[in-house]
Amino acid sequence: MTYVLLGIVILITIANFTLLFRVRKNKRIAAQKYQELMTGLRDRTIKVMKKNSLHFDRTYPLVADNDEGFLFCLDTEHRMASFTDQRKVQLFPYSEIQSSTIEVEPSPDNPKFYDNVRLVIELAGKPQGIEIVLGHRRTRSASIMGRFVLDTARQMDKVLQEVIESNTQPQPSGESPAALDTSYEDTDEE
Numbered sequence: 013m014t015y016v017l018l019g020i021v022i023l024i025t026i027a028n029f030t031l032l033f034r035v036r037k038n039k040r041i042a043a044q045k046y047q048e049l050m051t052g053l054r055d056r057t058i059k060v061m062k063k064n065s066l067h068f069d070r071t072y073p074l075v076a077d078n079d080e081g082f083l084f085c086l087d088t089e090h091r092m093a094s095f096t097d098q099r100k101v102q103l104f105p106y107s108e109i110q111s112s113t114i115e116v117e118p119s120p121d122n123p124k125f126y127d128n129v130r131l132v133i134e135l136a137g138k139p140q141g142i143e144i145v146l147g148h149r150r151t152r153s154a155s156i157m158g159r160f161v162l163d164t165a166r167q168m169d170k171v172l173q174e175v176i177e178s179n180t181q182p183q184p185s186g187e188s189p190a191a192l193d194t195s196y197e198d199t200d201e202e
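Under our numbering, the first residue of the sequence shown is numbered 13, with each subsequent residue one higher.
Written out as structure tokens, the structure reads:
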């Protein structure tokens with residue numbers, strides 16, 4: 013009987029070590045994937061930042077549930093913002109940000125699930141704003157992934173609401189946003 017218990021304890025210990033190594037490997041792979049995703053976005057954003065003599069002192073990386081990356085950056089001195097996705101880099105002054113809303117499309121058959129989560133940013137003078145789709149697939153709202161996607165959307169919306177509120181305050185002295193090249197869209201892949 014003692015040998016049976018000892019054998020069970022050894023099997024459980026081996027299973028625990030196997031699980032530990034597998035979790036570490038998955039974390040390392042996820043961190044590497046995140047770095048690769050953000051490096052390309054960051055490099056393209058820095059290129060635009062240098063071209064326009066800006067300094068993005070606040071950056072907000074966003075990752076959707078389908079591993080698509082986005083980078084939202086703010087230059088608080090020049091009151092400029094940039095949004096980078098896989099296709100382009102958009103640069104615009106704070107004053108163009110009109111509103112930010114989170115659109116959650118609930119699943120028609122079960123309200124505990126959502127089919128889509130979008131963060132929509134309306135820009136002045138542009139017929140189509142920026143739409144960041146963070147949730148692409150049907151997910152339970154209370155699951156780990158569902159909470160992550162919804163929390164990410166809420167946090168980014170809070171940042172955008174702070175930017176919108178700062179539009180009512182007087183601008184600090186310095187270069188005005190009108191003097192910068194705001195029409196830049198980088199679409200080339202290097």
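A virtual CB, placed ideally from N, CA and C, is assigned to each residue, including glycine.
With fewer than three CB-CB distances shorter than 8 Å, the region 34-41 does not count as touching the region 50-65. Contact check for M92 against P73 fails: the beta carbons are separated by 8 Å or more.
The three-state reading of DSSP puts G81 in strand, counting E and B together.
Taken in chain order, the complete beta strand (DSSP E) segments of 3 or more residues contained in the region 40-107 are 70-75, 81-87, 92-96 and 101-105.
By the 16-neighbour rule on beta-carbons within 10 angstroms, G137 is exposed. By the neighbour-count definition (other C-beta atoms within 10 Å, threshold 16), L83 is a buried residue. By the neighbour-count criterion, in which 16 or more other beta carbons inside 10 Å mark a residue as buried, A27 falls on the exposed side. Nearest Cα to L131 within the set L162, E143, V101 and Q110: E143.
Closest by C-alpha distance to H67, out of Q98, F33, G81 and L103, is L103. DSSP places S111 in no alpha helix (DSSP H) but in the uninterrupted beta strand (DSSP E) bounded by I109 to P118. Between I109 and V175 a beta carbon distance of about 6 Å is seen, short of the 8 Å cut, so the two are scored as contacting. Cβ contact annotation for I133 (same chain, cutoff 7 Å, sequence separation greater than five): I109, S112, G141, I142 and L172, in chain order.
Closest in alpha carbon position to R99, among L86, S107, E80 and V116, is E80.
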